[in-house]
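> Structure in structure tokens, see below.
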């Protein structure tokens, strides 16, 4: 249970990172909500790897490159789910603010992320 709480904290940090990057990209660049989200997801994935590595699970017995590749693989898979839910929410509810769609999509992807990271990356 303690690990799940730490994972939720790491997810909160990742969400804040994702939301801040999305807001910054939307307000400071000509990018639209869909393309800006691709970049914000990538940035948040890098941040959450380090937070999960040091706070939630601790480093795996693998080398950092192999661990990073596994984390990236799981992260990309769950990010695809996250992005598809985000896009579906924006298309289904055209007046929905992008940050609200981000919150909804992040909650949906959180369970998949925990299972993937704990089992396939950090062997816990």
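Numbering (UniProt numbering), first residue to last: 1 to 124. Glycine is no exception: its CB is placed at the ideal position from the N, C-alpha and C atoms.
Answer yes if the region 2 to 22 comes into contact with the region 93 to 103, meaning at least three C-beta pairs across the two stretches below 8 Å, and no otherwise.
Counting Cβ pairs under 8 Å, three or more are found: they touch.
> Quick one: measure Cβ to Cβ for residue 120 and residue 53, integer angstroms, because I've assumed they're closer than 8 Å.
Along the chain shown, read from residue 1 onward, the residue named residue 120 stands at position 120. Along the chain shown, read from residue 1 onward, the residue named residue 53 stands at position 53. Their Cβ separation, rounded to whole angstroms, is 14 Å, which puts residue 120 and residue 53 out of contact at 8 Å.
> Counting only the same chain and skipping the five closest in sequence on each side, list residues whose C-beta sits under 6 Å from that of residue 38.
Indexing the chain shown from 1 puts residue 38 at position 38. Correct list: empty, nothing qualifies.
> CA-CA distance, residue 58 and residue 31?
Counted from its first residue, the chain shown places residue 58 at position 58. Counted from its first residue, the chain shown places residue 31 at position 31. Near 36 Å, if we compare the C-alpha coordinates of residue 31 and residue 58.
> Residue 82 CB to nearest chain B CB: under 8 Å?
The structure shown contains no chain B, having only a single protein chain.
> Looking at residue 78 and residue 113, is the spacing between their C-beta atoms short of 8 Å?
Indexing the chain shown from 1 puts residue 113 at position 113. Indexing the chain shown from 1 puts residue 78 at position 78. Cβ distance < 8 Å, so residue 113 and residue 78 count as in contact.
> Output yes or no for whether 8 Å exceeds the beta carbon distance between residue 84 and residue 90.
For the purposes of this step, residue 84 is taken as residue 84 along the chain shown, with counting starting at 1. For the purposes of this step, residue 90 is taken as residue 90 along the chain shown, with counting starting at 1. No, Cβ-Cβ distance for residue 84 and residue 90 is not below 8 Å.
> For my contact list, residue 81 and residue 109 are in at a C-beta cut-off of 8 Å; report their separation, rounded to the angstrom.
Mapped onto the chain shown, residue 81 falls at position 81. Mapped onto the chain shown, residue 109 falls at position 109. Rounded, the Cβ-Cβ distance is 5 Å, consistent with contact.
> If I'm right that residue 34 touches residue 87 with Cβ under 8 Å, what's the distance once you round it to whole angstroms?
Mapped onto the chain shown, residue 34 falls at position 34. Mapped onto the chain shown, residue 87 falls at position 87. Contact holds; Cβ gap of about 6 Å.
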